[in-house]
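Undergrad: Below is a structure I'd like to ask you about.
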Amino acid sequence: MTVVDPDTTAADTVASAADAEAARRRDPIARLPVSVRFALYAVVFVFVLTAAEQISGQSRLTAANTWASALKLTIPIALAALGGLWAERAGIVNIGLEGMMILGTFFGAWGCIQFGPWQGVLIGVLGGAVGGLVHAIAVVAFGVDHIVSGVAVNILAAGVTQFLNFDWFGSTNQSPRLPEVVGSVRVPGLHDLLGARLTGPSLLVWLAALVVLAVAAVRFLTPERVEPLRRRLSPVGSFARPAAVTVLGLLGLLVVVDLAPYLARQERFGISEFGRIVMGLTAEVSWIVVIGVVAFPLTTLILWHTKFGLRLRSVGEDPVAAESVGVNVYRMKVVATTVSGALAGLGGVSLVYLFANQYRAGQTNGRGYIGLAAMIFGNWRPGGTAVGAGLFGFTDTLSLLSGQATHALLLVVAIGAGVMVLRAIITGRWLSSLAIVAAGLAVYGWYLVTDELPNEIVVFLPHLTTLLVLTFASQRLRPPAADGQPYRRGQAG
Amino acid sequence: MTRNRLALTLAAPVLAIVVATIASAIALVLTGYAPGDVLSILADQATSVRDLLRTVNRAGPYYVSGVAVAIGFKMNLFNIGVEGQYRLAGVVAAAAGAALPLPGPTRVIGILAVAVLVGAAWSGLAGLLRAYRGVSEVIATIMLNAIALGLTPFLLTRYFEDDSEGFAVRTRPIPSGGRLPFLDFLIPGGAPAGARFNPFILIAIAVGVVYYVLIWRSRFGYDLRASGSNPHAARASGVDAKRMTVIAMAISGGIAGLVGLSTILSTPYSYTEESFLSGLGFTGIAIALLGRNHPVGIALGAFLWAFIDVSRTALSSATPPLPREIATIMQGIIVFSVVIAYEVVARIAERRDAAEVARRTEDPPPTTEPSTAGAAS
Numbered sequence: 040m041t042v043v044d045p046d047t048t049a050a051d052t053v054a055s056a057a058d059a060e061a062a063r064r065r066d067p068i069a070r071l072p073v074s075v076r077f078a079l080y081a082v083v084f085v086f087v088l089t090a091a092e093q094i095s096g097q098s099r100l101t102a103a104n105t106w107a108s109a110l111k112l113t114i115p116i117a118l119a120a121l122g123g124l125w126a127e128r129a130g131i132v133n134i135g136l137e138g139m140m141i142l143g144t145f146f147g148a149w150g151c152i153q154f155g156p157w158q159g160v161l162i163g164v165l166g167g168a169v170g171g172l173v174h175a176i177a178v179v180a181f182g183v184d185h186i187v188s189g190v191a192v193n194i195l196a197a198g199v200t201q202f203l204n205f206d207w208f209g210s211t212n213q214s215p216r217l218p219e220v221v222g223s224v225r226v227p228g229l230h231d232l233l234g235a236r237l238t239g240p241s242l243l244v245w246l247a248a249l250v251v252l253a254v255a256a257v258r259f260l261t262p263e264r265v266e267p268l269r270r271r272l273s274p275v276g277s278f279a280r281p282a283a284v285t286v287l288g289l290l291g292l293l294v295v296v297d298l299a300p301y302l303a304r305q306e307r308f309g310i311s312e313f314g315r316i317v318m319g320l321t322a323e324v325s326w327i328v329v330i331g332v333v334a335f336p337l338t339t340l341i342l343w344h345t346k347f348g349l350r351l352r353s354v355g356e357d358p359v360a361a362e363s364v365g366v367n368v369y370r371m372k373v374v375a376t377t378v379s380g381a382l383a384g385l386g387g388v389s390l391v392y393l394f395a396n397q398y399r400a401g402q403t404n405g406r407g408y409i410g411l412a413a414m415i416f417g418n419w420r421p422g423g424t425a426v427g428a429g430l431f432g433f434t435d436t437l438s439l440l441s442g443q444a445t446h447a448l449l450l451v452v453a454i455g456a457g458v459m460v461l462r463a464i465i466t467g468r469w470l471s472s473l474a475i476v477a478a479g480l481a482v483y484g485w486y487l488v489t490d491e492l493p494n495e496i497v498v499f500l501p502h503l504t505t506l507l508v509l510t511f512a513s514q515r516l517r518p519p520a521a522d523g524q525p526y527r528r529g530q531a532g
Numbered sequence: 003m004t005r006n007r008l009a010l011t012l013a014a015p016v017l018a019i020v021v022a023t024i025a026s027a028i029a030l031v032l033t034g035y036a037p038g039d040v041l042s043i044l045a046d047q048a049t050s051v052r053d054l055l056r057t058v059n060r061a062g063p064y065y066v067s068g069v070a071v072a073i074g075f076k077m078n079l080f081n082i083g084v085e086g087q088y089r090l091a092g093v094v095a096a097a098a099g100a101a102l103p104l105p106g107p108t109r110v111i112g113i114l115a116v117a118v119l120v121g122a123a124w125s126g127l128a129g130l131l132r133a134y135r136g137v138s139e140v141i142a143t144i145m146l147n148a149i150a151l152g153l154t155p156f157l158l159t160r161y162f163e164d165d166s167e168g169f170a171v172r173t174r175p176i177p178s179g180g181r182l183p184f185l186d187f188l189i190p191g192g193a194p195a196g197a198r199f200n201p202f203i204l205i206a207i208a209v210g211v212v213y214y215v216l217i218w219r220s221r222f223g224y225d226l227r228a229s230g231s232n233p234h235a236a237r238a239s240g241v242d243a244k245r246m247t248v249i250a251m252a253i254s255g256g257i258a259g260l261v262g263l264s265t266i267l268s269t270p271y272s273y274t275e276e277s278f279l280s281g282l283g284f285t286g287i288a289i290a291l292l293g294r295n296h297p298v299g300i301a302l303g304a305f306l307w308a309f310i311d312v313s314r315t316a317l318s319s320a321t322p323p324l325p326r327e328i329a330t331i332m333q334g335i336i337v338f339s340v341v342i343a344y345e346v347v348a349r350i351a352e353r354r355d356a357a358e359v360a361r362r363t364e365d366p367p368p369t370t371e372p373s374t375a376g377a378a379s
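Chains as they are written, first to last, in the numbering used here: chain A, 40 to 532; chain B, 3 to 379.
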């Protein structure tokens, strides 16, 4: 499959890049730092959910256990998506994620039964990595089409795991139950770490601390202020700003976790809901989930802030140029695809450990493909990928709720459309704001004339959303330039 | 020269078969089973009329699914959405087939037309998104798959369900005018017990003929293949690439719509979740790969795939029983071997051509290392 569209010429690309830049300057939100932007999205989302609940009289959308289960359902998709990110950043389309997840589920379950929970995690990850390696060898060494090889990996992985399961466990479609899985942890707040007791006055202190931290992060860590310091302290200084931002961010998160129970008790619009959501997300978290969450900042760090990451991404953008400056393109592609398989394998392990407690044939249920969609939704970036995976995980959770609870989701979409219209008007995109108004009104009408949302429809809402996002935002998405293209050493001649 | 080319063309499938056999045998030996046992079961199966009949019955839908995928491949489009297209088309065609007021055998035509239209509309969406919004058809069809798999039970339980009868969730049975007769009379010596000759094979053959004529014997097919192998040259010669994308996707989906009709036009003459075939979309991709997108190749691939499928029953009922999952592994290994074998042979051919051209133009033979010889030409 060629990704090159004959109608996209270099001139088009330059023009659209200039357009995007102009739109960026008009859009005040796009100028904010990434962390602030994501925090803003989160706040708006919570308010929209709260408003929808108040109008419809439902309370499940922001219940703590809804969000706890949403986090669990997000992790397998998120890990597959992150796997896709690694491979595609090195220019390899990995549609074999599904198969690598399947390998993760089986070998994770087998390792857990044979050796123990943590060994199971490791073996599952290795199983996925082997799947990634097979894909890498077929694509890099033999020049097989990326999608063809991925499909073959999916078929082979399903067959191998079912065969081995029959051979080792004597059953055609499931393994025995796991004796035990890895434990869980309550995410501690700051006062837990300090060993202090939480009292009324100390809450005020925490609130004040949070404000100070936020102001400090935004005000004093601007590049202009850090630059002189960096020069004076070089080379230590070059780490000063990222390190400071990380520490401040972590402290802020710990304070938020601390405040959550207090916020949940407030009977105020949006505040108590926010507290409940944070409590749901932190109350009891499996170590697998913790690893899955940490994998995201770690990926950002490795791919965007190390030499290795720069080389890996250069291979995905322009392998010929990368080769000309001495990057071993083949090795980079193989390493990236193997890591990709390992992450998908971890996603498979998380399915086994968090839900079924055993390997089952067909357990992944297309989550590898969904992961790929979540990554594209997230524009080939870790932050967006996490949001995309969260969207799928949250809707998965809703499909487990009653029809009335999910009915309120229509209202969420309608109100969300209102928020998007505001933004579209600010940035002067009149045409798209009209389209959004029409869509929002249509969904609101749907909400009014029905009493509940059929479960069959809830199940595919995230897919529909992804399709709509791709339809209206695909021009702003930017895959790695050489994604999916065959590459042979010395092809520049 | 031509003899060399013929040898190279044959080399790929032979290499693939050898590699697949060896790899399957290694997998069996490693897990403690005798490859000879499996081989003798497969040999028995090849001489049993009943098993061959079951193989052909299974191969029909596989063939149609493989052709649907192959049409996309011919234009470098990847239709992963066959799964959703044929399920949606199947349920709508079954409901329409029972409801439409059509006289006699025209009902069959009506069912076929509805199935083709629904499949074409569903995949056409992906084609439109690809052509006019730049959305990768791979992702679009995966999403449309999920939506179709949700819509199908929704439509079935809320609108199309036959309330007149029992608990089974099914559409109303097709009236007799819309039923194709069994082809048992074609089998010498009559149909063996417990097996019937499904008439769907006629539709599969018709699809194969249409595919061949359309792609290799029509102007449209020439444009389509040109757009697939060199989009820039095709555009220079006046082919509208966007229009071709939409049409190719729609044709692919239209043919995909026919895949599930073997249980609508034949027993049990209605759509039920149990009887309707599932998973054929992904199998179709593998079969199109095996057949190299050629009508005859796809037929061989479909037959081989169905043959291995049928062997599952024999494997698990053998004494001592062999794991039926061997069949799935063999299928996976075969796909991988074929894909890699063709790629390796293509590289060898490319290198030979380069050497041939170099010799004819009386240049000094390429002195660079073999892997760069292709680029040096």
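Just so it is clear, CB atoms sit at the ideal spot from N, CA and C, and this is done for glycine as well.
Hey, out of Val85(A), Ala120(A), Ala197(A), whose CA is closest to Thr338(A)'s CA?
TA: Numbered from 1 along the first sequence, position 299 holds the residue referred to as residue 338(A). Checking every option, the nearest Cα to that of Thr338(A) belongs to Ala120(A).
Undergrad: Applying a beta-carbon distance threshold of less than 7 Å, which residues of chain B neighbour Tyr408(A)?
TA: Position 369 of the first sequence, counted from the first residue, corresponds to residue 408(A). Near Tyr408(A) (Cβ distances below 7 Å), the residues of chain B are Ile144.
Undergrad: With three or more beta-carbon pairs closer than 8 Å as the criterion, would you say the stretch 471-491 of chain A touches the stretch 419-428 of chain A?
TA: These segments do not touch.
Undergrad: I'd like to know if Glu495(A) contacts chain B, where contact means its C-beta is closer than 7 Å to some C-beta of that chain.
TA: Here residue 495(A) refers to the residue found at position 456 when the first sequence is read from its first residue. It does; some Cβ of chain B falls within 7 Å.
Undergrad: Take the Cβ of His446(A) as the centre, count every other Cβ of all protein chains shown within 10 Å, and call the residue buried at 16 or more, exposed below.
TA: The residue given as residue 446(A) occupies position 407 in the first sequence. Buried, by the Cβ-count rule.
Undergrad: If you measure from the beta carbon of Leu293(A) to each beta carbon in chain B, is any gap under 7 Å?
TA: Residue numbering aside, residue 293(A) sits at position 254 when the first sequence is read from its first letter. Not one chain B Cβ lies under 7 Å of Leu293(A).
Undergrad: Is there a Cβ from chain A that is less than 7 Å from the Cβ of Ala375(B)?
TA: Taking the second sequence and counting its residues from 1, the one referred to as residue 375(B) is at position 373. In this prediction, Ala375(B) scores a pLDDT of 42, lower than 50, which makes its location untrustworthy; the coordinate-derived value is nonetheless stated afterwards. Not one chain A Cβ lies under 7 Å of Ala375(B).
Undergrad: Answer with yes or no whether the minimum CB distance from Ala360(A) to chain B is below 7 Å.
TA: Taking the first residue of the first sequence as 1, we reach residue 360(A) at position 321. No, no contact with chain B.
Undergrad: Can you grab the Cα-Cα spacing for the pair Leu382(A) / Gly147(A), in whole Å?
TA: For the purposes of this step, residue 382(A) is identified with residue 343 of the first sequence, where counting begins at 1. For the purposes of this step, residue 147(A) is identified with residue 108 of the first sequence, where counting begins at 1. Computed Cα separation, rounded: 13 Å.
Undergrad: What are the residues of the stretch 117-139 of chain B that lie near chain A, defined by any Cβ-Cβ distance shorter than 7 Å?
TA: Listed in sequence order: Leu131, Arg135, Gly136, Val137.
Undergrad: Using only alpha-carbon positions, find the residue among Val199(A), Gly455(A), Phe499(A) that is nearest to Leu439(A).
TA: The residue you call residue 439(A) lines up with position 400 of the first sequence. Of the listed residues, the one whose Cα sits closest to Leu439(A) is Phe499(A).
Undergrad: For Thr17(A) and Leu142(A), which I take to be in contact (beta-carbon distance under 8 Å), what is that distance rounded to the nearest angstrom?
TA: The structure shown has nothing for residue 17(A), since chain A only spans 40 to 532.
Undergrad: Can you tell me whether Ser268(B) is helix, strand or coil according to DSSP?
TA: On the second sequence, position 266 is the one that residue 268(B) refers to. In this structure, Ser268(B) counts as coil in the three-state DSSP scheme.
Undergrad: What did DSSP end up calling Glu358(B) once you bin it into helix, strand or coil?
TA: Translated into positions along the second sequence, residue 358(B) becomes position 356. If DSSP states are grouped into helix, strand and coil, Glu358(B) belongs with the helices.
Undergrad: What residues match up with Thr173(B) in a beta bridge as DSSP calls it?
TA: If you number the second sequence from 1, residue 173(B) lands on position 171. Answer by DSSP bridge pairing, in chain order: Glu163(B).
Undergrad: Taking 7 Å as the cut-off, decide whether the C-beta atoms of Val69(B) and Ile257(B) are in contact.
TA: By one-based count along the second sequence, residue 69(B) stands at place 67. By one-based count along the second sequence, residue 257(B) stands at place 255. Their beta carbons are under 7 Å apart, which means Val69(B) touches Ile257(B) by this criterion.
Undergrad: Are there 16 or more other CB atoms within 10 angstroms of the CB of Ala425(A), so buried, or fewer, so exposed?
TA: Indexing the first sequence from 1 puts residue 425(A) at position 386. So Ala425(A) counts as buried.
Undergrad: Quick check: the Cα distance between Phe162(B) and Leu487(A), rounded to an integer number of angstroms?
TA: The count along the second sequence starts at 1 and reaches residue 162(B) at position 160. The count along the first sequence starts at 1 and reaches residue 487(A) at position 448. Their backbone Cα atoms lie some 25 Å apart in a straight line.
Undergrad: Excluding the five sequence neighbours on either side, which residues of its own chain have a C-beta within less than 7 Å of the C-beta of Asp522(A), listed in chain order?
TA: Here residue 522(A) refers to the residue found at position 483 when the first sequence is read from its first residue. Closer than 7 Å at the Cβ level, and outside the excluded window around Asp522(A), lie Val42, Glu127, Gly130, Val132, Gly355.
Undergrad: In chain C, which residues lie less than 7 Å from Ile342(B) when you measure between Cβ atoms?
TA: Structure shown: chain C not included; protein chains present are A and B.
Undergrad: Just tell me which of Gln530(A), Ser74(A), Ala456(A), Ala197(A) has its CA closest to the CA of Ala285(A).
TA: Translated into the one-based positions of the first sequence, residue 285(A) becomes position 246. Sequence check: residue 285(A) is Thr here, not Ala. Ranking Gln530(A), Ser74(A), Ala456(A), Ala197(A) by Cα distance to Thr285(A) puts Ser74(A) first.
Undergrad: Under DSSP, the alpha helix (DSSP H) around Gln158(A) begins and ends at which residues?
TA: As a working mapping, residue 158(A) is identified with position 119 in the first sequence. Gln158(A) -> alpha helix (DSSP H) spans 156-175.
Undergrad: State yes or no: is the C-beta of Thr1(B) within less than 7 Å of the C-beta of Leu90(B)?
TA: Examination of residue 1(B) is not possible in this model, given that chain B is present from 3 through 379 alone.
Undergrad: In chain B, what lies closer than 8 Å to Val378(A) by C-beta?
TA: As a position in the first sequence, residue 378(A) is number 339, starting the count at 1. Those within 8 Å of Val378(A) in chain B number zero; the least Cβ separation is about 22 Å.
Undergrad: Could you tell me if Gln153(A) is buried or exposed, where buried requires 16 or more neighbouring beta carbons within 10 angstroms of its beta carbon?
TA: Within the first sequence, the letter at position 114 stands for residue 153(A). So Gln153(A) counts as exposed.
Undergrad: By the three-class DSSP mapping on this structure, what secondary structure does Val324(A) have?
TA: As a working mapping, residue 324(A) is identified with position 285 in the first sequence. Val324(A): strand per DSSP, three-state reduction.
Undergrad: Measure from the C-beta of Val337(B) to each C-beta in chain A and report whether the shortest distance is under 7 Å.
TA: Locating residue 337(B) in the second sequence gives position 335, where the first residue counts as 1. Closer than 7 Å to some Cβ of chain A, the Cβ of Val337(B) qualifies, so yes.
Undergrad: To the nearest angstrom, how far is it from the Cα of Glu137(A) to the Cα of Asn193(A)?
TA: If you number the first sequence from 1, residue 137(A) lands on position 98. If you number the first sequence from 1, residue 193(A) lands on position 154. Cα-Cα distance, rounded: 6 Å.
Undergrad: Please report the straight-line C-alpha distance between Arg362(B) and Gly112(B), rounded to a whole angstrom.
TA: For the purposes of this step, residue 362(B) is taken as residue 360 along the second sequence, with counting starting at 1. For the purposes of this step, residue 112(B) is taken as residue 110 along the second sequence, with counting starting at 1. Computed Cα separation, rounded: 59 Å.
Undergrad: In whole angstroms, give me the CA-to-CA distance for Ile409(A) and Glu139(B).
TA: Position 370 of the first sequence, counted from the first residue, corresponds to residue 409(A). Position 137 of the second sequence, counted from the first residue, corresponds to residue 139(B). Looking at the two C-alpha atoms, the distance is approximately 15 Å.
Undergrad: With DSSP run on the structure shown, which of helix, strand or coil describes Ser98(A)?
TA: On the first sequence, residue 98(A) is found 59 positions in, with the first residue counted as 1. It is coil, neither helix nor strand.
Undergrad: Do Ala250(B) and Leu79(B) have their beta-carbon atoms positioned less than 7 Å apart in this structure?
TA: By 1-based counting over the second sequence, the position of residue 79(B) is 77. By 1-based counting over the second sequence, the position of residue 250(B) is 248. Yes.
Undergrad: At what residues does the alpha helix (DSSP H) containing Val71(B) begin and finish?
TA: Along the second sequence, one-based indexing puts residue 71(B) at 69. Element bounds for Val71(B): 51-76.
Undergrad: Examine chain A for any beta-carbon lying closer than 7 Å to the beta-carbon of Glu85(B), and answer yes or no.
TA: Numbered from 1 along the second sequence, position 83 holds the residue referred to as residue 85(B). No, because no Cβ of chain A sits closer than 7 Å to the Cβ of Glu85(B).
Undergrad: In terms of DSSP beta bridges, what is Gln530(A) paired with?
TA: As a working note, residue 530(A) is residue 491 in the first sequence. None; Gln530(A) has no bridge partner.
Undergrad: Residues of chain B with a CB under 9 Å from the CB of Ser539(A): which are they?
TA: Lying outside 40 to 532, the shown extent of chain A, residue 539(A) is not represented and no answer is given.
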